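J.: Structure incoming, see below.
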Amino acid sequence: MTAAVFFGCAFIAFGPALALYIFTIATEPLRVIFLIIGAFFWLVSLLFSSLFWFMARTITDNKDGPIQKYLLILGALVSVLIQEMFRFVYYKLLKKASEGLKSINPDETAPSMRLLAYVSGLGFGIMSGVFAFVNTLSDSLGPGTVGIHGDSPQFFLNSAFMTLVIILLHVFWGIIFFDGCEKKKWSALLVVLLSHLLVSALTFISPHYGINLVSTYIIMVLMGIWAFFVAGGSCRSLKLCLLCQDKDFLLFNQRSR
Amino acid sequence: MLTFMASDSEEEVCDERTSLMSAESPPPRCCQEARQGLEDGDNAAQWRSQDSEDDLDEDADRYMCSGVPGQPSGLEEELTLKYGAKHVIMLFVPVTLCMIVVVATIKSVRFYTEKNGQLIYTPFTEDTPSVGQRLLNSVLNTLIMISVIVAMTIFLVVLYKHRCYKFIHGWLIMSSLMLLFLFTYIYLGEVLKTYNVAMDYPTLFLTVWNFGAVGMVCIHWKGPLVLQQAYLIMISALMALVFIKYLPEWSAWVILGAISVYDLVAVLCPKGPLRMLVETAQERNEPIFPALIYSSAMVWTVGMAKLDPSSQGALQLPYDPEMEDSYDSFGEPSYPEVFEPPLPGYPGEELEEEEERGVKLGLGDFIFYSVLVGKAAATGSGDWNTTLACFVAILIGLCLTLLLLAVFRKALPALPISITFGLIFYFSTDNLVRPFMDTLASHQLYI
Numbered sequence: 633m634t635a636a637v638f639f640g641c642a643f644i645a646f647g648p649a650l651a652l653y654i655f656t657i658a659t660e661p662l663r664v665i666f667l668i669i670g671a672f673f674w675l676v677s678l679l680f681s682s683l684f685w686f687m688a689r690t691i692t693d694n695k696d697g698p699i700q701k702y703l704l705i706l707g708a709l710v711s712v713l714i715q716e717m718f719r720f721v722y723y724k725l726l727k728k729a730s731e732g733l734k735s736i737n738p739d740e741t742a743p744s745m746r747l748l749a750y751v752s753g754l755g756f757g758i759m760s761g762v763f764a765f766v767n768t769l770s771d772s773l774g775p776g777t778v779g780i781h782g783d784s785p786q787f788f789l790n791s792a793f794m795t796l797v798i799i800l801l802h803v804f805w806g807i808i809f810f811d812g813c814e815k816k817k818w819s820a821l822l823v824v825l826l827s828h829l830l831v832s833a834l835t836f837i838s839p840h841y842g843i844n845l846v847s848t849y850i851i852m853v854l855m856g857i858w859a860f861f862v863a864g865g866s867c868r869s870l871k872l873c874l875l876c877q878d879k880d881f882l883l884f885n886q887r888s889r
Numbered sequence: 011m012l013t014f015m016a017s018d019s020e021e022e023v024c025d026e027r028t029s030l031m032s033a034e035s036p037p038p039r040c041c042q043e044a045r046q047g048l049e050d051g052d053n054a055a056q057w058r059s060q061d062s063e064d065d066l067d068e069d070a071d072r073y074m075c076s077g078v079p080g081q082p083s084g085l086e087e088e089l090t091l092k093y094g095a096k097h098v099i100m101l102f103v104p105v106t107l108c109m110i111v112v113v114a115t116i117k118s119v120r121f122y123t124e125k126n127g128q129l130i131y132t133p134f135t136e137d138t139p140s141v142g143q144r145l146l147n148s149v150l151n152t153l154i155m156i157s158v159i160v161a162m163t164i165f166l167v168v169l170y171k172h173r174c175y176k177f178i179h180g181w182l183i184m185s186s187l188m189l190l191f192l193f194t195y196i197y198l199g200e201v202l203k204t205y206n207v208a209m210d211y212p213t214l215f216l217t218v219w220n221f222g223a224v225g226m227v228c229i230h231w232k233g234p235l236v237l238q239q240a241y242l243i244m245i246s247a248l249m250a251l252v253f254i255k256y257l258p259e260w261s262a263w264v265i266l267g268a269i270s271v272y273d274l275v276a277v278l279c280p281k282g283p284l285r286m287l288v289e290t291a292q293e294r295n296e297p298i299f300p301a302l303i304y305s306s307a308m309v310w311t312v313g314m315a316k317l318d319p320s321s322q323g324a325l326q327l328p329y330d331p332e333m334e335d336s337y338d339s340f341g342e343p344s345y346p347e348v349f350e351p352p353l354p355g356y357p358g359e360e361l362e363e364e365e366e367r368g369v370k371l372g373l374g375d376f377i378f379y380s381v382l383v384g385k386a387a388a389t390g391s392g393d394w395n396t397t398l399a400c401f402v403a404i405l406i407g408l409c410l411t412l413l414l415l416a417v418f419r420k421a422l423p424a425l426p427i428s429i430t431f432g433l434i435f436y437f438s439t440d441n442l443v444r445p446f447m448d449t450l451a452s453h454q455l456y457i
């Protein structure tokens, strides 16, 4: 495996996230902090999931065989549940923090909940993607032949695309989740949880990359459209934006003269 | 040590052609400066007592000091929050850079992960077959190391109390000389060896000489702020690499834990050496040795406008807060409440000083953060997850510490929270998360 594979897969997996970070988050210190706190919450949720899996394994005395595979699947699903739980906990924390900020300096505009939803989703996504993919990436720099035992030779590409879709999905899930919490629409939370479980479950049929990757991308597109409308977009605003006739673009042009 | 500083640099004349900022801190009006000076002296003391590797200012530089006491509290909180986030980022960036340098070196240059002996401060070996013996040895090593540090700190307090400034300065200069020349030479040698690049001695000496000489000038005298910060980051990274190489495995972890506890005790207890140092410096209103403190201040010292004569004696100028970001702009908004009241006597002359609305962090903090992350990178079985988890944990700890600083507005140690989080996450990620993620990855499951 070569440097080309390394850089290619790295940019496939993390390129969009990096672009999102550079253009929307890096300029504002408060957003960076909320991003890192989001990443930390994901990390803590992973810690609890690993603890659960570890305890389940020690209870069944580490016997090899199909029970390990079932335990792993159970561990993965419980992990999804714990991640969404921590997303809710982070929502509560952000709510308290923005109330605190507002009470302390009422003139200053604290970041809106929608923005925090996006930032937290990105934090979760980046951490999730990095933890899933970084070890694989570093292995791709070393010597080896992919698929020599009959596995798919597209292992790295598949993992990179999967990581990308997980990162984007976390962003969309974050937006939808927080909006559901704000408007007390618990059905939105349920849908986020179920779609996360579905995406994770789809990876259980792992050798069949085509199916699981394509369906995950379809889910991502659907979630993306939903998140767009939830965040306040509309067909009209999209059209104006694409035709460069939206308010921000026009104002920006005015200002630069 | 994390500090907010208001400084004035009235002793230097800055004109439009100089954009240099003195490395000397201006006359302190707050505790942290004294502490810093003491740490520097502390470090210097420690440097001198070691022939080769040194155990740096672990105790001294881990303090945080807030700004002025006795400010209107509501306004204070508002102001703190107003620049709280910016200061956190101003510290995230150098800490991250230092860690990146250390981790990159550990992962690529094999020299720093090879066992080649131990420091004289950790005489007990860890090569014993029994676990109990190994644990005992590492605890003994830690005790020796910590007692050396305590002795150094007390020696430093004594020196400072007796005003032996030349001594302390000499120490500081000697220690930075060693870091900037000897350790850089070794580091460069190992990097060249790793990448199999040939370099002739004249080029090598020219490079090291220039690097070291500019570093000495920047750190001990005047230099552009960015260059000074870069040098401080580099010497912290070099020091951390030395620790990672020469501290045995278990001793390193126990030492990290013990240092945080000592830090907490030394800063917060009324009879703690560092607290005493701070108070002494505060009483004397003296400048602190800047050589071992990282300053993230956004100070502008070029071409300041004339003061409005009507606002003499008050630094209540309406600066534009938006201009804080660029290096050559008025740094600070008109929030003088958070900082020490300006010295009287600026009657309409050109304002040379600029209030630093920056944060200072001791180099010992940088070093121990990097040691933790570097050890995680070195000892994990090629596992990046552990390193990243420790990195995030340390950043979160730093964030929390800054938040506490904003809330309590008094001297706080910067090590305990970050190191505690770092240690918890290191051990839990290495033992719990790593097998889970590895098993998931081998079955290509995604959560």
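Residue numbers (my numbering), protein chains in the order written: chain A, 633 to 889; chain B, 11 to 457.
For each residue, glycine too, the CB sits at the ideal point set by N, CA and C.
What you are looking at is a predicted structure, and each value in this text was computed from that prediction instead of being measured.
#1: Establish whether the CB of B:Y211 and some CB of chain A are separated by less than 9 Å.
#2: Under three-state DSSP, which class holds B:K232?
#3: Contact between the segment 124-134 of chain B and the segment 394-407 of chain B: three or more CB pairs below 8 Å?
#4: In whole angstroms, give me the CA-to-CA distance for A:S869 and B:Q239.
#5: When you compare the CB positions of A:Y841 and A:N790, do they come within less than 9 Å of one another, or not?
#6: Starting from B:A239, find everything on chain A with Cβ-Cβ shorter than 7 Å and list it in chain order.
#7: Does the Cβ of B:W219 have 16 or more other Cβ atoms within 10 Å, making it buried, or fewer, making it exposed?
#8: Would the segment 414-426 of chain B and the segment 652-667 of chain A be scored as touching if the rule is three or more Cβ pairs under 8 Å?
#9: Could you pull out every residue in the same chain whose Cβ sits closer than 7 Å to the Cβ of B:Y241, ignoring the five residues on either side in sequence?
#10: Going along the chain, which residues of the segment 759-771 of chain A sit with their C-beta nearer than 7 Å to a C-beta in chain B?
#11: Tell me the residue span of the beta strand (DSSP E) that contains B:Y197.
#12: What is the rounded straight-line gap between the Cα of A:A635 and the Cα of A:G774?
#13: Using CA coordinates, which residue listed in B:D448, B:K117, B:A421 is at the minimum distance from B:V275?
#14: Just the chain A side, please: which residues come within less than 7 Å of B:Y456 by C-beta, in chain order?
#15: Less than 9 Å between the beta carbons of B:G374 and B:S305, yes or no?
#16: Could you tell me whether the segment 206-214 of chain B touches the segment 154-169 of chain B, using the rule of 3 or more Cβ pairs below 8 Å?
#17: Could you give the uninterrupted runs of the alpha helix (DSSP H) lying entirely in the segment 376-446 of chain B, keeping only those of 4 residues or more?
#18: Which residues of chain B have a Cβ atom closer than 7 Å to the Cβ of A:L678, listed in chain order?
#19: Return helix, strand or coil for B:V369, following the three-state DSSP convention.
#20: Would you check if the segment 760-767 of chain A and the segment 817-827 of chain A touch, i.e. whether three or more CB-CB distances between them fall below 8 Å?
#21: Which residues in chain A sit within 9 Å of B:V141, going by Cβ to Cβ distance?
#22: Fully enclosed by the segment 798-835 of chain A, which alpha helix (DSSP H) runs are 4 residues long or longer?
#23: Below 7 Å CB to CB, which residues in the same chain sit around B:K171 once its five sequence neighbours on both sides are set aside?
#24: Report the three-state DSSP secondary structure of A:A744 (helix, strand or coil).
#25: Under 6 Å Cβ to Cβ from A:F788, same chain only, skipping five residues before and after it: list those, please.
#26: Count the other CB atoms within 10 Å of the CB of B:M188; is the residue buried (16 or more) or exposed (fewer)?
#27: Is B:C409 close to chain A? Criterion is C-beta to C-beta, closer than 9 Å.
#28: Here's a check: name, in chain order, each residue in its chain whose Cβ is nearer than 6 Å to the Cβ of B:T138, leaving out the five neighbours to either side.
#29: Are there 16 or more other CB atoms within 10 angstroms of the CB of B:T439, so buried, or fewer, so exposed?
#30: Reducing DSSP to helix, strand and coil, say where A:S866 ends up.
#31: Out of A:V797, A:C813, A:L845, which one is the CA nearest neighbour of A:M855?
#32: What is the DSSP secondary structure of B:Y304, counted as helix, strand or coil?
#33: Less than 8 Å between the CB atoms is what I'm expecting for A:M759 and A:L675, so what's the real figure, rounded?
#34: Measuring CA to CA, which of B:F191, B:V141, B:A268 is closest to B:L248?
#35: Can you say whether A:A859 is buried or exposed, counting buried as having 16 or more other CB atoms within 10 angstroms of its CB?
#36: Mapping DSSP to helix, strand and coil, what is B:V167?
T.: Well, looking at it:
#1: For this step, residue 211 of chain B is matched to residue 201 along the second sequence. False, the Cβ-Cβ gap to chain A never drops below 9 Å.
#2: Walking along the second sequence from the start, residue 232 of chain B turns up at place 222. Secondary structure of B:K232 (DSSP, three-state): strand.
#3: Under the 8 Å Cβ criterion, the segment 124-134 of chain B does not count as touching the segment 394-407 of chain B, having fewer than three qualifying pairs.
#4: Locating residue 869 of chain A in the first sequence gives position 237, where the first residue counts as 1. Locating residue 239 of chain B in the second sequence gives position 229, where the first residue counts as 1. Spanning the two alpha carbons is a distance of roughly 46 Å.
#5: In the first sequence, counting from the first residue as 1, residue 841 of chain A sits at position 209. In the first sequence, counting from the first residue as 1, residue 790 of chain A sits at position 158. Yes, Cβ-Cβ distance for A:Y841 and A:N790 is below 9 Å.
#6: Taking the second sequence and counting its residues from 1, the one referred to as residue 239 of chain B is at position 229. One point to set straight first is that residue 239 of chain B is Gln, not Ala, in the sequence displayed. Against chain A, a Cβ distance below 7 Å from B:Q239 picks out nothing, because the smallest value is about 17 Å.
#7: Sequence index remark: in the second sequence, residue 219 of chain B carries index 209 (1-based). Residue burial annotation: B:W219 is exposed, with fewer than 16 other C-beta atoms found within 10 angstroms of its C-beta.
#8: The segment 414-426 of chain B vs the segment 652-667 of chain A: no contact.
#9: Along the second sequence, read from residue 1 onward, the residue named residue 241 of chain B stands at position 231. Contacts found: G225, C228, I229.
#10: For the segment 759-771 of chain A, which is checked against every Cβ of chain B, the residues closer than 7 Å are V762, F763, A764, V766, N767, T768, S770.
#11: Within the second sequence, the letter at position 187 stands for residue 197 of chain B. No beta strand (DSSP E) contains B:Y197, which is instead part of the alpha helix (DSSP H) from 194-205.
#12: What you label residue 635 of chain A is simply residue 3 of the first sequence in a count that begins at 1. What you label residue 774 of chain A is simply residue 142 of the first sequence in a count that begins at 1. Each residue's alpha carbon lies about 9 Å from the other.
#13: Counted from its first residue, the second sequence places residue 275 of chain B at position 265. The shortest Cα separation from B:V275 among B:D448, B:K117, B:A421 belongs to B:A421.
#14: One-based indexing of the second sequence puts residue 456 of chain B at position 446. What B:Y456 touches in chain A: A764, M794, I798, S832, T835.
#15: Residue 374 of chain B sits at position 364 when you count from the first residue of the second sequence. Residue 305 of chain B sits at position 295 when you count from the first residue of the second sequence. At a Cβ-Cβ threshold of 9 Å, B:G374 and B:S305 do not count as neighbours.
#16: No, they do not touch.
#17: Runs of the alpha helix (DSSP H) inside the segment 376-446 of chain B: 394-418, 425-438.
#18: On the first sequence, position 46 is the one that residue 678 of chain A refers to. V443, listed in chain order.
#19: Here residue 369 of chain B refers to the residue found at position 359 of the second sequence. It is a strand residue.
#20: No: the two stretches stay apart, fewer than three of their Cβ pairs being nearer than 8 Å.
#21: Residue numbering aside, residue 141 of chain B sits at position 131 when the second sequence is read from its first letter. Under the 9 Å cutoff, chain A gives no residues; its nearest Cβ is about 21 Å from B:V141.
#22: Runs found: 818-834.
#23: Position 161 of the second sequence, counted from the first residue, corresponds to residue 171 of chain B. So the list reads T290, once near-sequence residues are dropped.
#24: Against the first sequence, residue 744 of chain A aligns to sequence position 112. Residue 744 of chain A is actually Ser in this sequence, not Ala. Coil, per DSSP.
#25: On the first sequence, residue 788 of chain A is found 156 positions in, with the first residue counted as 1. Within the same chain, A:F788 has close Cβ partners V637, C641, S772.
#26: Here the question's residue 188 of chain B lines up with position 178 in the second sequence. By the 16-neighbour rule on beta-carbons within 10 angstroms, B:M188 is buried.
#27: Along the second sequence, one-based indexing puts residue 409 of chain B at 399. At least one chain A Cβ lies under 9 Å of B:C409.
#28: The residue given as residue 138 of chain B occupies position 128 in the second sequence. So the list reads R144, once near-sequence residues are dropped.
#29: For this step, residue 439 of chain B is matched to residue 429 along the second sequence. B:T439 comes out buried.
#30: Translated into positions along the first sequence, residue 866 of chain A becomes position 234. Reduced to three states, the DSSP call for A:S866 is coil.
#31: Residue numbering aside, residue 855 of chain A sits at position 223 when the first sequence is read from its first letter. Shortest Cα-Cα distance from A:M855 to any of A:V797, A:C813, A:L845 involves A:V797.
#32: On the second sequence, residue 304 of chain B is found 294 positions in, with the first residue counted as 1. Here B:Y304 sits in strand by DSSP.
#33: As a first step, residue 759 of chain A must be located in the first sequence, where it is residue number 127. As a first step, residue 675 of chain A must be located in the first sequence, where it is residue number 43. The C-beta distance from A:M759 to A:L675 rounds to 6 Å, short enough to meet the 8 Å contact threshold.
#34: Translated into the one-based positions of the second sequence, residue 248 of chain B becomes position 238. Selected option, being the one with the closest Cα: B:F191.
#35: Counting from one through the first sequence, the residue named residue 859 of chain A turns up at place 227. Its Cβ being crowded by 16 or more others within 10 Å, A:A859 is buried.
#36: Locating residue 167 of chain B in the second sequence gives position 157, counting from the first residue. If DSSP states are grouped into helix, strand and coil, B:V167 belongs with the helices.
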